Structure formats: structure tokens, C-alpha cells
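To start, the structure itself, in C-alpha cells.
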Amino acid sequence: MRFLLVGLLLFASTALGQTLTLTVGSSTDPSDTLGLNREDCGRNLDLKWSFTGGTACEPLQLWVTTASSCGEAPAAGDYVLDEVPEGNVGNPGTEVRRIAVDQLPVFTSADGGSTTCSTATVDQTMRVCGFTQSASLTNICDIDVKVSTAPKIRFDTRPPPKPTISAVIPRDSALGVTVSAESDSTVRVVALLTDGDGGVGAEVASDETTATGTAELADLQNGVTYQVLAYATDQSKNTSEASDPSTGTPVASRGFFGTYVDAGGAERGGCGVAGGSLAGGAALAILGIWLSRRKQS
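In this note's numbering, the protein residues as written are 500 to 796.
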């Protein structure tokens, strides 16, 4: 009985030790999502694999599916790639398989018509799947090995919703612009000159931030009012319409001493002991207020 238990444990550890990893394109992280749009229709994506912890005894099957998870074999409608011979599963060398973007399973024919890569209006996430088998300690080819983390491909032709500008913060020769956009978007914020008639002119500053970040528009003129716009770009490089416009005016900062004088502080010495103590206390209070404002900005 003890030997049987040990054998079962060794078998389980062997089965758990097999790892199949897939990567697509230039990414080295299987958890990355590769974003594509119509501009990518002519591309071929390199699919690479690694197999560790054992020796494959069956060819490696590779396919792309629109399903929410990978099974043990391709289903109807999946995009099936050429299988990898078992001898090359653990030692691929420079061997790769190529995924033709215009053959992805999101493009289908229906009702006598067709949806092609160049005409599709779609936002679909697909998974790249792999399956093989490895031999157990008894040399029986019966250990199923699926891809550990299925890489994702997102084909998206739809622009994201326009972002929202939630705050424009005046700074010295700059503006801080806080935005809110669709998750995983990159937001580009721009400053435009305005004229007295409500029109706008050239772009004079720009910066990029995350979907819920703050962009910093630098090298602006204090006292000049700028129009501020934001654009969101999603993983597939689709760009939104411009946000609703906001405005902002950079404000010069006079530093601690300017704030102290504006609050009634003396520019020169000569105060008595009592007066000096009061002035020192006031100065410390103003210093606290000034530092607090600096942190908030």
C-alpha cells in the first residue's frame, strides 16, 4: 500500500510539472492582450511556444478561438494552425507558427454575405490555445497538457468613448489636467490657444496619461487662457472623439515669501521681542498654509 501511495504521488507530481507557454508577436508575457485593428489586416503574428517539465508524446495542437476558455481541441469555427511534431515541442529552436490576422475566427460568413478583416465593425477578444500530451512514469502517453495562460488577441475597430476632463488645475506656467476614460486607454491631453472671439488656434502643449490620471501641460504663459481637450486611444489604437472642452489659465507662484508679504508680513526686520514672536508665529502659520497649497496643487 505504501509503495502504491508513493507511486501515485510521483505520478501526480509529474503531471503537475508539465508547463506549456505561448507568446504572440513581440510580447514575452502570456498575460498581455495584443490589440489589433483594420490597419493590421495584412500582418502575420509570430506564435512561439515553450514546453518544460517533460517530453511531449503527441503533436502540439495550436488554434485561435472566440470562446471564453481553451478546451483540449479546436472547435468548429476556430482558426487552426499547423500542428507541431512532438519532437519539436520541447525543442522549437527558431521554429514558429504564424497567425494571419485576416484569418482570425472573428471574420465569418453568414446569410450569404461575408465579414472580412477590412470591413468588420467589431470588438472581439480571442484566445490563443495549445494542447499536447506527455508520458507518465509508466511511459503511457496519458498526461494532458494545456497552455498555462492563453494569450489574448483583441480585434477592435470601434473607437472608445470620448474621455471626460474632471479638473483643470492652474500651476506656474503649466496646467494639470485630470481625466477619466475607458479602462486600459491612453489619454492624450492638449492645450490650444484661444482668441477673443471664442475661437481656438494652434496646439501649444500636450501630454499623455492613464485612463484615470493627470496630464501635465508645461511651458505655458501665465495669465493666458487655454482651451484644453482630451483624446482616448484604446489597446487597438482606435482614437476617440475629442472630450468636451475645458479651459485653464496658468498662475504665477510667488513662493513662500510672496505669500507671506501678501498676508501682511513685514519685508524688513526691526520688530520688538513681542512683535517678533508674533511675526514669527504668523510666518510659521503662513508657511504651513503655503506648503499645504503646494501639496494640493
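A virtual CB, placed ideally from N, CA and C, is assigned to each residue, including glycine. Note that this is a predicted model, so its numbers are computed, not measured.
Here the C-alpha atom of Ser525 lies approximately 34 angstroms from the C-alpha atom of Glu702.
By alpha-carbon distance to Thr709, the top candidate from Val595, Leu521 and Thr677 is Thr677. Shown here for Glu594: same chain residues with a beta carbon closer than 8 angstroms to its own, the five before and five after excluded, namely Val583 and Asn587 in chain order.
When the beta-carbon positions are compared, Ala690 and Ser705 come within less than 9 angstroms of each other. Put simply, the backbone Cα of Thr624 is about 45 angstroms away from that of Gln720. Under the three-state reduction of DSSP, Arg597 is assigned to strand.
Beyond the five residues adjoining it in sequence on each side, Ser745 comes within less than 6 angstroms, by CB distance, of Ile664, Val667 and Val727 in the same chain, given in chain order. Counting C-beta atoms within 10 angstroms of its own C-beta, Thr618 has fewer than 16 neighbours from the protein chains shown and is therefore classed as exposed. Restricting attention to Gly747, Glu681 and Asp671, the CA atom closest to the CA of Pro662 is found in Glu681. Taken in chain order, the unbroken stretches of alpha helix (DSSP H) that lie wholly in the stretch 560-593 and span 4 residues or more are 585-588.
Linking Asp531 to Asp743 through their CA atoms gives a straight-line distance of about 32 angstroms. Unbroken beta strand (DSSP E) stretches of 3 residues or longer found wholly inside the stretch 663-721: 663-670, 673-679, 685-693, 699-708 and 713-716, given in chain order. CA-to-CA, the gap between Tyr578 and Cys556 works out to about 23 angstroms. Residue state for Asp539 is assigned as helix, using DSSP reduced to three classes. Residue pairing of Thr518 in beta bridges, as defined by DSSP: Thr551. Look at Gln602 here: in three-state DSSP terms it is helix.
CA-CA distance, Arg597 to Thr527, rounds to 16 angstroms. Ranked by Cα distance from Gly675, the first of Leu519, Val723, Ala717 and Asp696 is Ala717.
Here the C-alpha atom of Gly552 lies approximately 18 angstroms from the C-alpha atom of Gln560.
Beta-bridge pairing by DSSP links Gly534 to Arg653.
Linking Glu571 to Asp733 through their CA atoms gives a straight-line distance of about 32 angstroms.
For Val699, the CB contacts under 6 angstroms within the same chain, skipping 5 residues up- and downstream, are Leu691, Thr693 and Gln726 in chain order. Beta-bridge partners of Leu544 (DSSP): Ile598.
DSSP lists Thr685 and Thr738 as the beta-bridge partner residues of Thr732. In the structure shown, Lys645 adopts extended strand secondary structure according to DSSP, grouped into three states.
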